[in-house]
Structures are given as C-alpha cells and as structure tokens.
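Down below is the structure, laid out as structure tokens.
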Amino acid sequence: MVNLEDLKKEAKRILEEGKIKYIIGYERSPNGMMSMPAFIKNPEDAERLTWDPSCVYNLTRFLVDEKRRKAKEKKPDTRPVAIVVKGCDSRAVVVLLQEKFINREDVYILGVSCEGAGVVDEKKLTEKLKGKKADKIEFSEKDHFLITSDGEKIKIPAQEILAERCLECRANFPVIYDEVLGEKVERRPEDPFKSIERIESLSKEERWAFWKEQLDKCIRCYACRSVCPMCYCDECVVDTISFAVAADTTAEEKAQKIKWIERSPDSSENFVYHLVRAIHLAGRCIDCGECERACPLDIPVRLLNKKLEKEAKELFDYEVGFDPEKPSLASSFKDDDPEDFIR
Amino acid sequence: MKRTGVFVCHCGINIAGTVDVKKVAKELSRHPGVAHAEEYVYMCSDPGQNLITEAIKEKKLDNVVVACCSPTLHETTFRNTSKEAGLNEFQCEIANIREQCSWVHKDMEKATRKAIKITKSAVERVRRNESLEPISIPVTRRALVIGGGIAGIQSALDLANSGYEVVLVERSPSIGGHMIQLSETFPTLDCSQCILTPKMVEVSKHPKIKLLTYSEVQEISGYVGNFKVKILKKPTYVDPDKCTLCDECTKVCPVVVSNEFDIGLTGRRAIYIPFPQAIPATYTLDIKSCPGLLPIACGKCADVCEPEAIDYDMKPDIIEEDIGAIIVATGYDLYDKGLMAEYGYGKYLDVLDGLQFERLCSASGPTQGKIIRPSDHKEPKEVVFIQCVGSRDPELHCAYCSKICCMYTAKHAMLYKHHVPDGQAYIFYIDIRSGGKGYEEFVQRAVEEDGVLYLRGKVSKIFEDKGKIKVWGVDTLTGKDIEIDADMVVLATAMRPSQGAGELAKKLKIAMDKDGFLSEAHPKLRPVESVTPGMFLAGAAQAPKDIPEAVAQASGAAAKAVAILSQERLFHAPTVAQVNLNLCTGCGMCVEVCPYVSLSLKDGKVEVNEVLCEGCGTCSATCLRAAIQVKNLTPLQVHEMIDASLGGR
Chain S
0 MVNLEDLKKE AKRILEEGKI KYIIGYERSP NGMMSMPAFI KNPEDAERLT WDPSCVYNLT
60 RFLVDEKRRK AKEKKPDTRP VAIVVKGCDS RAVVVLLQEK FINREDVYIL GVSCEGAGVV
120 DEKKLTEKLK GKKADKIEFS EKDHFLITSD GEKIKIPAQE ILAERCLECR ANFPVIYDEV
180 LGEKVERRPE DPFKSIERIE SLSKEERWAF WKEQLDKCIR CYACRSVCPM CYCDECVVDT
240 ISFAVAADTT AEEKAQKIKW IERSPDSSEN FVYHLVRAIH LAGRCIDCGE CERACPLDIP
300 VRLLNKKLEK EAKELFDYEV GFDPEKPSLA SSFKDDDPED FIR
Chain H
0 MKRTGVFVCH CGINIAGTVD VKKVAKELSR HPGVAHAEEY VYMCSDPGQN LITEAIKEKK
60 LDNVVVACCS PTLHETTFRN TSKEAGLNEF QCEIANIREQ CSWVHKDMEK ATRKAIKITK
120 SAVERVRRNE SLEPISIPVT RRALVIGGGI AGIQSALDLA NSGYEVVLVE RSPSIGGHMI
180 QLSETFPTLD CSQCILTPKM VEVSKHPKIK LLTYSEVQEI SGYVGNFKVK ILKKPTYVDP
240 DKCTLCDECT KVCPVVVSNE FDIGLTGRRA IYIPFPQAIP ATYTLDIKSC PGLLPIACGK
300 CADVCEPEAI DYDMKPDIIE EDIGAIIVAT GYDLYDKGLM AEYGYGKYLD VLDGLQFERL
360 CSASGPTQGK IIRPSDHKEP KEVVFIQCVG SRDPELHCAY CSKICCMYTA KHAMLYKHHV
420 PDGQAYIFYI DIRSGGKGYE EFVQRAVEED GVLYLRGKVS KIFEDKGKIK VWGVDTLTGK
480 DIEIDADMVV LATAMRPSQG AGELAKKLKI AMDKDGFLSE AHPKLRPVES VTPGMFLAGA
540 AQAPKDIPEA VAQASGAAAK AVAILSQERL FHAPTVAQVN LNLCTGCGMC VEVCPYVSLS
600 LKDGKVEVNE VLCEGCGTCS ATCLRAAIQV KNLTPLQVHE MIDASLGGR
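The listed protein sequences derive, respectively, from chains S and H.
Residue numbers for the first sequence follow numbering that gives the first Met the number 0, beginning at 0 and rising by one.
Residue numbers for the second sequence follow numbering that gives the first Met the number 0, beginning at 0 and rising by one.
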C-alpha cells in the first residue's frame, strides 16, 4: 500500500534538493469529492499532496503545457518537472517520450500503485452514495474502497464504483518511473475490450444509428481535445479559423490553408471531427478515459479509441505506451510483415 | 487565373472505345481556367505532340494536362514536349483515363463521366504545381559487383573493359561460383572449367578490377552514383604474395572436414585451396575448422611453410569503397535434400544431388571423372534421375520451375552413358522443358543416341534395400507402377536464392519476391534493374537461369551500370518531401518509416536529404500534423483533386 507520508517525504526531499522545478500532483479539492491537480513549488507545500482513488486526472497533459510555457520563456528554467503518475498515466509519458515531444531528462516520474484496483468513477460513486458527499476515499485491501461520508465509514466493492477504463486496465502499475511508491498488485482483466463488445455486436445500421445519436449531441467544445495529453499539435485540422500562423508564414501559405471541416456542429462535421480525433489517436491512446470524463454531453468517445486499440492489438500485436525505445505503431515496420505488398 | 491546356488522347480505340473523348474535351473546355481543350487520336505521336507545342505557344498556356495512359508510360514524353514549348516540365501532369478508366469500364456514359472527373482533378492539381528543376548530383565512376560466379565475373569484365574501375566481392576464398564445379555444360558438352578459367584469369590480371575474395558487403549507404560501401575482408591467414602453392601445409594439417567444393563427396584440410585453378591462387586457413589460433593449438602449417606465408596474426579488415553503381550477382544454392522426406532426407550415400553428380563426372573431380558409387566405389549399372525435386511443388516446397534441371538431367544421363555404356539411365520427369537454342535437339539426342529412358511420373519413395536403392514410382503415361532397383539416384533439386542473399537484399534495400529471389523493376521492360536506382541484378540471384542467360543478363546489367557511370552528373526528380518547420514537432515518425533513409532529425526538426528522397509520400501519410509533404502533391492539391472528383468544381 502506498504510504502517503512517503510520497510527501519524497516530494519534500526532491524539492529541497532544488533539482526539481515543481511537482505536478494531486491534492484534496476544497469542494467536491474528487481530488484536483496540485502544483507544488515549495518544500513546505509538499504536505498538500495526496494519493487516493479519487485522483482520476491524467496529469501528463500538464507536461504538454509545461513544454509550451518553457518554449516561450526567455531564460527557461531547465530543471525537470516532477509528476505523479498512475500506471495508465505513465504510459502516456512513454508515448510522449516515444514521440520525442518530451525528453526523459526533463521529467522526474513519481509513480504510484493503484493497489490492484484503480480510481473511482465520480458518477457511479454519486449514485452509490445517493446524494451524500464523500469526505474521504481510500484504498482498502485489494478489492474495496473505504469511503468516509458524514463521519461514517462505508466499504464498497471496487468493482461497483471503478472507472470503466480501470475495469479493463492492463497496467495498474507504472511502467516507467524514477521513484515508485507502493507494490505491484496483479489483477488481469478478463477481457480488456469488454466495453466495445456490445457495439461490435450491432449491425452496421444499428451502429450508425447509435453513433449518429451520440455524435449529434456534440457541441464541439473540444474539451476532449483539450484534456488529451496526445492532442498536442500546434495546429489542429479542425481549427479552420485559428491556423497557427508563425512569423515566417507566407501569404501563400496562409492562402493554401485547407478548410477540411466546418465549424458548425452538425452530423457530418461532428463525424469528421470525432473520426479524425480517433484516427489520430490510433496507436497513441493509452485509454486514460479523460476525453469521455471531460465530455459535458456524456458522449462515449472513449469507445472509438478503444476499438482502435483493439485493432492495433489484433492486427499488429501492438500495445501502446510500454516501451519508449520502440517505434510507434504508425512508424513501425517489420520485414516479416504478413502483408507482402508492404515489403 | 492560370491558363491550363487540356489534351485528350483517343489512344486509337483504347480510350475512345469506352470514353466519349469529344465530350471530355468539350466538358473540360468549360472548366474554369481551362484556356484550351482538344482531343486527338494519338497524342504521343509526332503530330499529337505538335498540337501541344502549338497550343502552349499560341494560347500562352501556363500548364498542361494530358488525359491519356498511365504516367509511367508517357509522362516523360509530354513533359519533354512541354519543356520544348517553353514551359517548366513540372507544369505538365497526366490524367490517367486509360488504365484507371477506359480499360476497366464498359459503360460508356459512366466511363465518360469518370474520365471527366479524373481530368478535372488533374487540372486542379497542375494549377498548384511548382516549377521545379531536377536535382543534379555527381557520379563516382566505379562499380561494385557482389558475387564472383559466372554472372559476377562477366559483369566485372564488361565494366572493366569499358574502362571503369570495378570492385568484385566474393565471399568464398575463390571466384568461379557454381560453374567451376560443373563437369560439362549443355547443350555443347564443353568442359565448364575450360571455358570459365580463362575469364577467371582475366579477372585476376585486369588492372581495372579490384578483387576482394573471402569478403562480404557489410554496410551500404548513399544513393545512385554515390554509394559508400563497407566490405569486411576476412583473414585467410595466408599471404598470397608469399605463398608458392607448394602444398606442404595441407600435408601436415591434422584436421579433415567435408569439402564444400565437392559437396561433401571428399574431405579437405583446415588449410586448403578450394581447387587447383582457384583465383586468387592461394591457400586459406578455415578458422572454423582449425584447432585454434588463440592460443595456437597446432601450428604445424606455419612450421612447414618455407616462404613463411602463413600469418596467424592476420586480422579482419574493413575496406571502404566509393561506388557509383552496384551489380548484385549472388547466385543460387540447391534446395536442401534433407527436406525431402520421400527421398530419404539426404541420408542415403548413393542418392546424390545434381551438383554432386557433376563433381563425379568432372575430369578434375574426386574420381577423375569415373562414375562410381560413393558407398562402395562400384560402377552403378542402373541410375535413376529424378527431375523437379522440390520444384513445381507449391504445397510442400517451391512453386516455381527451376528451369535448368530438364537440361542438366538430360546431360547427366548422357554423360553417365558415355562413361558406362552398358548401364541404364532412367529419368522421371513431369514435363520436359527444353526451350533454348539447341536444347530440344540435345534432349532428343539423349533419348535416341544414348538410350535414356524417360518416364513421365513422380517417384513416391526411395529406400535402401539389400545394397540397392529401391525407387518406387509411377509412369503416368502407361498408368503402371514402377519399381527400379537402382545403384544410384540423382536428384535434380530446386534452385534457391543463395544463403544470405536475403540479408544482403535488406542491406541494399532491394526488394525480394515471395521465393526470396531479387525483384526486377519491371518483369519485361526493366529485367536487369532493381527497384533501387543504381543497383542492378545479374544471374540466378534474380531467378533460376542457365549459364547463357546468366551471362546475357550480366552483360545487360553491366551496360545499365555504364549508362550511369558514363554520366558527368545524374539528375534526380525534384518532387521530393519538404518540411514545414512550423508544424514539425520532431516526433520522428516519418524518420522511422522512410524507406529510403532520406529523413533525419536535426535540432528537434526533420530534415530531408533531397537526393535520397524518392517522393513516395510515406512520410506525408504518417505525419499526424501535415508537417511534411511532397512537392507537387501537397495536401492542398490532394484536397482540390478530391473536391474536383466529387464534383465540387
């Protein structure tokens, strides 16, 4: 079990040593049940750090922001940034390393074990507590969460309130780290692609109807894009009005910008957006589920990514985010590829 | 707006039979920006090209679209025409309305509609084409020939005699390849060694040829005209300049191993000369079979070597060469008879493969040309020859025909009869393929003059029985089962690409076919070129071949190489990848996928080596950020083309 005091001690130590710029971690939110991101710069603030099943966020998105900020600084602080990562989040770090978006020496990885469980789904928990507030959410033994609500302690089986993606998780322990807290607890999901089973069983027409209904809801707020650590392109194909225009962008280049997609949220444009998003995440998405969590309209966008994850596994035996030295899916080539047109 | 000219070709009725070419021209003439549109029966003909030239000048066209056959055929023609008329050659694009339209459709109305869309999209594309100039690159006027068999020897000699320096690399201790192992060659029965050794000597004496035997190509970088090749020269531990060929060393060497030159029929010492006429004429110490040099375990050969030619301290050497063109002539190996269950997995001493039988027949072979059984050294009176062993067997072995077996089996049977006139030769065959000058006559001679018995059918089983080899087969012409108590069986095993050719092909980035033979750029029109510019193929490395074919291809490859080496400068297509540095995040995915190794990361961004880039567009397809694109096929152009073909314009 992760000892929270160890985490705080380690955080304090690295900050006191002065080799770390700041720590991206979790702290208790003053309101609401879930933890929120914390940015700790002073050693004495390390006390604020927390780690419990309410730490749902994938903080690696902030590494993307950090890189952008650093690029703009005149005299950048070149010390690494420390980040608290769960198993899944660590895989996002691997992908960012694989894609050379960040350098290994720019990040200090503090891994934490999910204790063989995972993090909670806020909606499921709210439902379970029937409107009551949880003051504290803790790991308890292997398969349970211990919830403190109105001074009362309730033990809930993890399966009942775990986030969907945690039920299908194949890496509940960090795959890359500088320091890791807690032990690896084995728990293999029976079927890592269970969530897409139902949709896969539908006919083409039914699937179309399902996605049309879901995607018609989309208001194109792009929250799913903003929260995704892999959506870090400076220029996104869907931004027809805010093309990245650099100092040396010529008039001709500006004129040649293609409008692949209209801003207006209607079926056809929404489909284009979500399919582009899914395709661009094929072989890159580590299934942190943040896109779906962030969606204000409850569109199950994670399912699209999950399907592509399955394709990658079945067609190319590729699993995302385990080895920063391996080429990414889209850039890997095998001489013994069964498709001979490729050789 | 730019003024575009559209020229629609009838290609006789190839296009006009299915596509209403008049309608295409008329429709295109209404397309915005098209200043001129016409059709003609053969655009590629002289009058057709003149139409283009005149229109460019008279109508002051900025660019041209020719709607005709595939760009692989006449793109160069029409680009040159446009250039002559004063346009940049890259202001001409082809709309393929033949292979991609008229030839694959029957419904004229629909085909015409499609042809119009294809042509319109080409108009949209050409409008945004940049005027480009070919990239000029220098040429290193030296060639590398890989493989010292007959094909490699012929290529090297042709190149050297054309005045170019040649580096000839052979991995075994001597050049000569398989041909030097053969006895007599079909259809003239002239002695193989007698016709080959003069060429080998010429190689060794030629001032333009640098011969590197016992050497292997380790690494290749660069591009056509400018390859850099690293060659590993393995130590022979014998100084050929000092060696007097006295043969004292082999007399004292205590090690005997199977002799690969006689395919195991004899043994050789750890220090050996492959055969008396070996080039270079010197001994080689085979370190794998030597008792050891670190520390020296035996040292007898050095003790007896009077001229002190043996140097145990010899080290492997890496030789770097600058090369302009490469000829790959890595030859073949025989299919392993250990894979043939029905023929006893190669375990019976008197079941030989074709090359072993060649050694038995050879005047310089282990028996001085006497045909005797390896098991008891008796003269075989009944010999069964089996064709298509491993060939033409798609289920279990090789699907292809090894091509030379019909002829050499006839020769084997004939040679056997010449040596053992009272013996009987049987040949099991599926078909007799004797296409070639004098080949059919040769087979007939075997049947009529030498009484060789041809049996059409396959052998189901071979096994040893009381000192004989029982052959069970069937004659499919009479439908009878056949049982022969043979004294010897000779298997015409299939030809395979030589061992290690696959790894070499990967280093060279030459494609291989499904059987592992090297792929030519076009099966009919570019049979000696590989798909990689500046690399050519010769001999059995490309497909099973007999000697005359291998020699002809070798000379062809040499001529192709000369076409490069004789140039002052080479020109490379400028339609290469370019990077938008603002969008590049330096993820390096394109670097990983580039099949031509033309991309690299520099200061966190991708850099294109324009000479290596072939403009294939793999990088562009891989890039998530559209940060890399191929000139004249940019995402914007593709977008406009899609738009036009969807009827947007």
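Ideal Cβ positions, reconstructed from N, Cα and C, are used throughout, including at glycine.
For glutamate 591 of chain H, a Cβ of chain S is located within less than 9 Å of the residue's own Cβ. Judged by beta-carbon spacing, isoleucine 13 of chain S lies beyond the 9 Å limit of lysine 40 of chain S, meaning their Cβ atoms are not closer than that value. Here DSSP, grouped into helix, strand and coil, assigns valine 530 of chain H to coil.
Closer than 9 Å to the CB of aspartate 297 of chain S there is not a single CB belonging to chain H. Interface criterion met: the Cβ of cysteine 232 of chain S is under 9 Å from a Cβ in chain H.
Per the DSSP secondary-structure output, serine 135 of chain H pairs in a beta bridge with H:Phe570.
The beta carbon of methionine 107 of chain H sits closer than 8 Å to those of Thr17, Val18, Asp19, all from its chain and outside the five residues before and after it, given in chain order. Within its own chain, the residues whose Cβ lies closer than 6 Å to the Cβ of threonine 3 of chain H, once the five positions on either side in sequence are excluded, are Gly32, Val33, Asn62, Val122, listed in chain order. Taking all protein chains shown into account, cysteine 193 of chain H has fewer than 16 neighbouring C-beta atoms within 10 Å of its C-beta and is therefore exposed. Separation of isoleucine 146 of chain S and isoleucine 160 of chain S (C-alpha to C-alpha, rounded to the nearest whole angstrom) is 11 Å. Annotation: the continuous beta strand (DSSP E) that includes lysine 604 of chain H extends over 604–607. Judged by DSSP secondary structure, isoleucine 322 of chain H falls within the beta strand (DSSP E) whose first and last residues are 316–322. According to DSSP, aspartate 480 of chain H shares a beta bridge with H:Val473. Comparing alpha carbon positions, the residue from H:Val65, H:Asp316, H:His417 closest to valine 40 of chain H is H:Val65. Apart from the 5 residues on each side of it in sequence, isoleucine 230 of chain H sits with its Cβ closer than 8 Å to the Cβ of Val166, Val168, Leu211, Ser214, Glu215, Val216, Gln217, Ile317, Ile318, Glu319, Glu320 in its chain, given in chain order.
Relative to the Cα of aspartate 215 of chain S, the nearest Cα in the group S:Met0, S:Ser266, S:Glu126, S:Leu58 belongs to S:Ser266. The criterion of a C-beta distance shorter than 9 Å is not satisfied by tyrosine 334 of chain H and alanine 542 of chain H.
Against proline 326 of chain S, the close residues of chain H are Glu591, in the order they occur along the chain (beta-carbon pairs closer than 7 Å). Of the other Cβ atoms in all chains shown, fewer than 16 fall within 10 Å of the Cβ of tryptophan 207 of chain S; this residue is therefore exposed. Within the region 23–36 of chain H, no residue has its Cβ closer than 7 Å to any Cβ of chain S. In the three-state reduction of the DSSP assignment, isoleucine 627 of chain H falls in the strand class.
Between the alpha carbons of valine 637 of chain H and glutamate 92 of chain H lies a distance of about 14 Å. Here threonine 49 of chain S is near arginine 27 of chain S, since their CB atoms are less than 9 Å apart.
Residues of chain S with a Cβ closer than 8 Å to the Cβ of histidine 638 of chain H are, in chain order, Ile257, Trp259. For aspartate 105 of chain S, no Cβ of chain H is located within less than 9 Å of the residue's own Cβ. Separation of threonine 80 of chain H and tryptophan 102 of chain H (C-alpha to C-alpha, rounded to the nearest whole angstrom) is 26 Å.
The C-alpha of glycine 323 of chain H is placed about 19 Å away from the C-alpha of glutamine 552 of chain H. Sixteen is the threshold: when 16 or more other Cβ atoms of the shown chains lie within 10 Å of the Cβ of glutamate 163 of chain S, as they do, the residue is buried. In summary, the residues of the region 567–599 of chain H whose CB is separated from some CB of chain S by less than 9 Å are Asn579, Leu580, Asn581, Leu582, Thr584, Gly585, Cys586, Gly587, Met588, Cys589, Val590, Glu591, Val592, Pro594, in the order they occur in the chain.
Here DSSP, grouped into helix, strand and coil, assigns tyrosine 344 of chain H to helix. In the three-state reduction of the DSSP assignment, glycine 646 of chain H falls in the coil class, being assigned neither a helical nor a strand state. Minimum Cα-Cα distance from valine 605 of chain H among the listed residues H:Val592, H:Ser619, H:Gly587, H:Pro594 corresponds to H:Gly587. Listed in chain order, the positions of the region 609–642 of chain H with a beta carbon within less than 7 Å of a beta carbon of chain S are Thr621, Leu623, Arg624, Pro634, Leu635, His638. Secondary structure of isoleucine 230 of chain H (DSSP, three-state): strand. DSSP places threonine 283 of chain H within a strand segment (E or B) once states are collapsed to three. Under the Cβ distance rule, glycine 515 of chain H does not count among the residues neighbouring chain S, no pair being separated by less than 9 Å.
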